[in-house]
Amino acid sequence: MYKKKLPFLIFFLSINSLFVSSPDWVVNENEFQHTMTLVAKLNLDGTQLIGPEDKVGAFVGEECRGVSGLTYVQSKNSYYAYLTIFSNTQGEKITFKLYDKAKNKITVVSKSIPFTINEHKGNLTQSYSIAEPALSKVAELVSFHFSQVPSISTVTSGEKIQIAISENFTKSALKPVFTLSKGAKIFEKGIEQKSGEMTKDFSTVVSYLVLSEDESEMKNYQIQVNLISNAALFYKKDAVCSAPGAIKVVSKQEGMAVQLWENGKEVSNKIVSNGMALFPEVGVGTYIASIGNERKVIEIKLKEK
Numbered sequence: 187m188y189k190k191k192l193p194f195l196i197f198f199l200s201i202n203s204l205f206v207s208s209p210d211w212v213v214n215e216n217e218f219q220h221t222m223t224l225v226a227k228l229n230l231d232g233t234q235l236i237g238p239e240d241k242v243g244a245f246v247g248e249e250c251r252g253v254s255g256l257t258y259v260q261s262k263n264s265y266y267a268y269l270t271i272f273s274n275t276q277g278e279k280i281t282f283k284l285y286d287k288a289k290n291k292i293t294v295v296s297k298s299i300p301f302t303i304n305e306h307k308g309n310l311t312q313s314y315s316i317a318e319p320a321l322s323k324v325a326e327l328v329s330f331h332f333s334q335v336p337s338i339s340t341v342t343s344g345e346k347i348q349i350a351i352s353e354n355f356t357k358s359a360l361k362p363v364f365t366l367s368k369g370a371k372i373f374e375k376g377i378e379q380k381s382g383e384m385t386k387d388f389s390t391v392v393s394y395l396v397l398s399e400d401e402s403e404m405k406n407y408q409i410q411v412n413l414i415s416n417a418a419l420f421y422k423k424d425a426v427c428s429a430p431g432a433i434k435v436v437s438k439q440e441g442m443a444v445q446l447w448e449n450g451k452e453v454s455n456k457i458v459s460n461g462m463a464l465f466p467e468v469g470v471g472t473y474i475a476s477i478g479n480e481r482k483v484i485e486i487k488l489k490e491k
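Plus 186 on top of the position in the sequence shown (first one is 1) and you've got the working numbering.
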């Protein structure tokens, strides 16, 4: 009978080690001379911890060096851990553990940090992320255009984006449609924006802040909208076997220069004559054709006969 119960007991103990009562993490603060502080958000399996008994512990080895529950901040409508970490030694490796009361589970966090005397990390706008698995650090505005308003061209230079639209539309009432890097959020004047929901005035440059999923990275994007009259039309012919392709730009802007770029270098320059500029011998590759403020990415492919 004893032998039959033993495997079950071992199994029970192994499972029970994952699901524990609220941990009694305690720090003897009088033993330490120095501190560092964090304002952090806690995230487990992609979900922010917000429970009144959820907590984070900071450790050196198995010795607890800091512990914090969560505080609700109404102005941010979010929960933060105000964590103080104690040490006597600069550079000690600090690891973290999360306690999720709803699952009654302790999770070891993969990320660690060195102890830095008197350092403070995180604030209510860009909190420090303690998460398992780690959240994305990328803050990118991947794409940006307007609902029911086709873009004639979009030119991106770092965090500055110029979008050209037809003069048949107005800049004062445009509805942005955008995509962001994984988990990122976008704000305009402190208000989080949702793609395709809000109509805005783009008569002047509009600034957007993009915040990464882990809140460690924030980028300031500047969106400028230009109205284009007599918009140019761009055509291409793909290459066939040994015959090169061609690019044609049709425009009413007679005498205007048209540039053809490849890999950041100008490879050709034509003048609009009789309503068009023709680039007759273009090899396989990706090009940018530009005329005035208009830009068009054109890919010449190799087609079989």
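Don't be surprised by glycine CBs; every beta carbon is placed ideally from N, CA and C.
Residue pairing by DSSP places Leu224 opposite Leu269, Lys307 in a beta bridge.
Spatial neighbours of Cys250 in its own chain (CB-CB distance under 8 Å, excluding positions within 5 residues in sequence) are listed in chain order as Trp211, Val212, Val213, Gly243, Ala244.
Minimum Cα-Cα distance from Glu374 among the listed residues Met384, Lys368, Thr365, Ser367 corresponds to Met384. Distance from Phe330 to Lys357 at the Cβ level is roughly 15 Å; contact not present, criterion being Cβ atoms closer than 8 Å. Minimum Cα-Cα distance from Lys241 among the listed residues Gly232, Leu360, Lys386, Lys227 corresponds to Lys227. Excluding its 5 nearest sequence neighbours in each direction, Thr223 has C-beta neighbours in its own chain below 6 Å: Thr270, His306, listed in chain order. Approximately 6 Å separates the beta-carbon atoms of Asp400 and Ser322; this is inside 8 Å, confirming the contact. About 5 Å separates the Cβ atoms of Glu318 and Thr293, confirming a contact at the 8 Å cut-off. Nearest C-alpha to Lys346 among Gln410, Lys422, Leu284: Gln410.
The Cβ-Cβ distance between Ile486 and Lys434 does not fall below 8 Å. Judged by DSSP secondary structure, Asn412 falls within the beta strand (DSSP E) whose first and last residues are 404 to 414.
The shortest C-alpha to C-alpha distance from Ile484 to any of Ala432, Met462, Asn274, Ala320 is the one to Ala432.
Each of Ile299, Ile316, Leu488, Val246 was checked against the Cα of Leu256, and the nearest Cα belongs to Ile316.
Residue burial annotation: Tyr258 is exposed, with fewer than 16 other C-beta atoms found within 10 angstroms of its C-beta. A straight-line Cα-Cα distance of about 5 Å links Ala359 and Lys386. One thing to note: Gly382 has its Cβ no nearer than 8 Å to the Cβ of Lys368. Secondary structure at Asn216: helix, using DSSP grouped into helix, strand and coil. In the DSSP annotation of this structure, the continuous segment of the beta strand (DSSP E) that includes Trp447 starts and ends at 443 to 448. DSSP places Ile299 inside the beta strand (DSSP E), whose first and last residues are 291 to 300. Spatial neighbours of Gln312 in its own chain (CB-CB distance under 8 Å, excluding positions within 5 residues in sequence) are listed in chain order as Leu397, Glu401, Ser402, Met404. Looking at Val426, Ser333, Ala350, the one whose alpha-carbon comes closest to that of Thr340 is Ala350.
The alpha-carbon of Leu419 is positioned some 35 Å away from that of Ala370. Judged by DSSP in its simplified three-state form, Thr342 adopts strand.
A straight line joining the alpha-carbon of Gln408 with that of Thr390 spans about 10 Å. Met384 carries a coil assignment under DSSP once its states are collapsed to helix, strand and coil. Excluding its 5 nearest sequence neighbours in each direction, Lys456 has C-beta neighbours in its own chain below 6 Å: Val444, Ala463, listed in chain order. Ranked by Cα distance from Asn290, the first of Val335, Glu239, Ser264, Asn216 is Glu239.
Non-local C-beta neighbours of Ala267 in its own chain, meaning closer than 8 Å and more than five positions away in sequence, comprise Leu224, Val225, Ala226, Lys227, Leu228, Lys241, Val242, Ser254, Gly255, Leu256, Thr257, Ile316, ordered along the chain. In the structure shown, the three-state DSSP call for Phe355 is coil.
Under the DSSP assignment, Thr365 falls in the beta strand (DSSP E) whose first and last residues are 362 to 366. Across the structure, Asn309 and Leu413 are spaced so that their CA atoms are roughly 40 Å apart.
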